[in-house]
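One structure is given below, encoded as structure tokens.
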Amino acid sequence: MIIILKRNAEEAKVRQLCSELESMGLSIHASQGSDEHILGLVGDTKAVAESWVLAHPVVEACRRVSEPYKKANRKFHPEDTVVQVGDTLIGGDKFAVIAGPCSVESPEQITEVARRVKAAGSSLLRGGAFKPRTSPYSFQGMRAEGLTLLEHAREQVGSPIVTEVMNTEHLPLFENVDLIQVGARNMQNFELLKAVGRMNKPVLLKRGLANTLEEFVMSAEYIMAEGNEQVILCERGIRTFETSMRNTLDISAVPMLKRMTHLPVVIDPSHAAGIAWMVEPLAKAAVAVGADGLMIEVHNDPPRAKCDGAQSLTPDAFDALMEQLKPQLTFFGKTLN
Ligand code: PEP
Ligand code: MN
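Everything in the sequence shown is counted per the working numbering, starting at 1 for the first residue and increasing by one.
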């Protein structure tokens, strides 16, 4: 249920209403927007009669929320959420580009790519240290050493770092990571979602290969229900019957997610396409459809990349892409930061 408060509702009376609701076992998610002050009720609201709520002098209106996601629901929080990672803002009119290699491979590789992608205008550095690979015989990432190299690249270049955690046991190693990624294959690893929900750190949650948008938002709800509301959603392509691309970018997910939730939505065209030349048109589509950011794989030597070389842009190609995106972002009223 959401309760819309009257403009200029008396503070003490609002507090009294909140404590009455809390004594009924509900938790309250307050959202003070520029237009409306909303109380979102989380818990079993069956026993809360609408007539009882409406009789309260500070209440303008109340509505039941039928969707199973509450904290992530735009009805609870009509304004866009803006997530901060270091000095970078994502959401609202703030657009951010996350770029870097699929995996961290050496100190030279990560530092060189970090330098180039920052110079081109991206603000966050990605790089996988723990890699979820289909084959146990493929490169599994540099693991803890990869995290150290990312931290070193951050010191050298100044970009906050984004990297994937695959299980709860590894989380203590991620203390110095700026934005924790939960990958597509772990989107419904509920224990991992709860664990990152207990951290005070932004989370980039990628959509599962075959998950509906409601399942995706429910996974964000798992993180938020634990108290961490700094969640960024990432559409990265889904499984369809099409085989000419690695995945099919579900571009419709952006406007639909923005209607369902208030969370920022970014697009990963690299994993969606699996082909480097398709990253540019998909990135432009992402901007046009209202995404809040992009995650793009860039490698200094794609043919020799240990992972995902075919979809990785060279630093020169990334420069060219960013030059094309900048006027497009201005046209769509987004600020690159
Ligand atoms: C990645 O970003 O490195 C990755 C493995 O992506 P996904 O989880 O979307 O496959
Ligand atoms: Mn990859």
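No residue lacks a Cβ here, since even glycine has one placed at the ideal position from N, Cα and C.
Give every residue of the same chain whose Cβ lies closer than 7 Å to the Cβ of L17, excluding the five residues on either side of it in the sequence, and list them in chain order. H56 and V58
Contact test: D308 Cβ vs the ligand MN heavy atom, cutoff 6 Å: yes
Indicate the three-state DSSP secondary structure (helix, strand or coil) for V165 in the structure shown. coil
Any non-hydrogen atom of the ligand PEP closer than 6 Å to A64 Cβ: Rather than Ala, the amino acid found at residue 64 in this sequence is Arg. No, Cβ of R64 sits at least 6 Å from all heavy atoms of the ligand PEP.
Is G146 near the ligand NAP - that is, is its Cβ less than 6 Å away from at least one heavy atom of it? This structure lacks the ligand NAP; the ligands present are the ligand PEP and the ligand MN.
On the DSSP bridge assignment, give the partners of I232 in chain order. L204
Helix or strand or just coil, what does DSSP make of H271? helix
Whose C-beta lies closer than 8 Å to the C-beta of Q188 among residues of the same chain, with five residues either side of it excluded? G208, N211, E215 and S219
With distances taken between CB atoms, is the gap from S159 to L205 smaller than 7 Å? no
Span separating the alpha-carbon of S27 from that of R259: 24 Å
For A291 versus I275, is the C-beta spacing smaller than 7 Å? no
Helix, strand or coil: how does DSSP classify T18 here? According to the sequence as given, residue 18 is Cys; it is not Thr. C18: helix per DSSP, three-state reduction.
In angstroms with no decimal places, state the Cα-to-Cα distance between Y137 and H271. 21 Å
Among A225, I251, S252 and P327, which residue has its Cα nearest to the Cα of Y69? A225
C-alpha gap between M278 and R64, whole angstroms: 43 Å
When we look at the beta-carbon of L233 and count the other beta-carbons within 10 Å, is it buried (16 or more) or exposed? buried
Return the bridge partner residues of Q181 from the DSSP annotation. E164 and L204
Looking at the ligand PEP, does it come within less than 6 Å of R133, judged from the CB to the closest heavy atom? no
Own chain partners of P78 with C-beta closer than 8 Å, once the 5 adjacent residues on each side are dropped: S31, G33, D35, E36, I38 and H262
Distance CB(E242)-CB(A253) smaller than 7 Å: no
Supposed close pair A114, A144 - CB separation, criterion 8 Å: A114 to A144, Cβ: 19 Å. No contact.
If we ignore side chains and look at the alpha-carbon of each, how far apart do R198 and G127 end up? 23 Å
Is C234 a contact residue of the ligand MN, with contact defined as CB to any heavy atom under 6 Å? no
Could you tell me which residues DSSP puts in a beta bridge with I4? I38 and A61
Taking the CB atoms as reference points, tell me whether V196 and I180 lie closer together than 7 Å. yes
Take the Cβ of E164 as the centre, count every other Cβ of all protein chains shown within 10 Å, and call the residue buried at 16 or more, exposed below. buried
Beta-carbon contacts of E280 that lie in its chain and below 6 Å, excluding the five residues immediately before and after: L321
Closer than 6 Å by C-beta to L249: which residues in its own chain qualify, once you throw out the five before and the five after it? Chain order, please. G237, A272 and L282
Would you mind reading off the limits of the alpha helix (DSSP H) that contains R259? A253 to M260
Can you tell me the Cα-Cα spacing of E140 and V104, whole angstroms? Checking the displayed sequence, the identity of residue 140 turns out to be Gln instead of Glu. Using only the alpha carbons, I get a separation of about 11 Å.
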